[in-house]
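Residue numbers (the numbering used here): 2 to 123.
Have a look at the structure below before the remarks.
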Amino acid sequence: MSLKGSCHCGATQFEVTEAPASVTSCNCSYCSKRGGLWAYYTPAQFKLTTARDRVSTYQWGGYFGQHHFCGICGCTTYGESPDWVDYKPDYANPKIGVNARLFDDFDLSAVPVEHVDGKNSW
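This is the structure in structure tokens:
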């Protein structure tokens, strides 16, 4: 079952190939301030369905990826990074982290939340 999602104003829209089995809550400085719950996909499982020029990008310090958000309403939408194994980047396996709070017509409360201690681990 594919899922669609969008930012608050609808200018940034995307699809994923399936519902997440779980989502991740991270307490690092970025995630705690943005409030996202992250569902992870391979690049082949994610499709941006609106023009890329509607998406703004933030890259902070030594971070190993990019955070994307709607350039109009500011909602955090998705990010691109390597997979992480034991808090180390695995560049051979890129991941797309989608803010699961933005899925349309999806009961996020039914999905288990995994907590990651990014505040003390990165």
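The C-beta atom is built at its ideal place from N, Cα and C for all residues, glycine as well.
Treat the numbers as computed from the prediction; the structure is a model and nothing was measured.
Which residues mark the beginning and the end of the alpha helix (DSSP H) in which residue i is found?
i: residue 32; result: 30-35
What are the boundary residues of the beta strand (DSSP E) that includes residue i?
i: residue 67; result: 67-71
i: residue 25; result: 24-27
i: residue 5; result: 4-7
i: residue 45; result: Per DSSP, residue 45 belongs to no beta strand (DSSP E) and is neither H nor E.
i: residue 50; result: Here residue 50 belongs to no beta strand (DSSP E), and DSSP marks it neither H nor E.
i: residue 122; result: Unbroken run through residue 122: none, as it is neither H nor E.
i: residue 18; result: Run containing residue 18: none; DSSP gives neither H nor E here.
With H, G and I counted as helix, E and B as strand and the rest as coil, what does DSSP make of residue i?
i: residue 87; result: coil
i: residue 103; result: helix
i: residue 12; result: coil
i: residue 110; result: helix
Leaving out the 5 sequence neighbours to the left and right, which residues in its chain are closer than 8 Å to residue i when beta-carbon positions are compared?
i: residue 127; result: Summary: the structure shown does not reach residue 127, with the chain confined to residues 2 through 123, and so no result is reported for it.
i: residue 46; result: 17, 18, 19 and 97
i: residue 3; result: 16, 17, 18 and 19
Around the Cβ of residue i, are there at least 16 other Cβ atoms within 10 angstroms (buried) or fewer (exposed)?
i: residue 30; result: exposed
i: residue 88; result: exposed
i: residue 41; result: buried
i: residue 9; result: exposed
i: residue 116; result: exposed
i: residue 122; result: exposed
i: residue 99; result: buried
With a CB to CB cut of under 6 Å and the five nearest residues on each side skipped, what residues in its chain are close to residue i?
i: residue 49; result: 15
i: residue 113; result: 23
i: residue 94; result: 84
i: residue 5; result: 16 and 105
Spatial neighbours of residue i within its chain, please: CB distance less than 7 Å, with the 5 preceding and 5 following residues excluded, ordered by chain position.
i: residue 51; result: 12, 13 and 14
i: residue 119; result: 27, 28, 29 and 32
i: residue 107; result: 4 and 20
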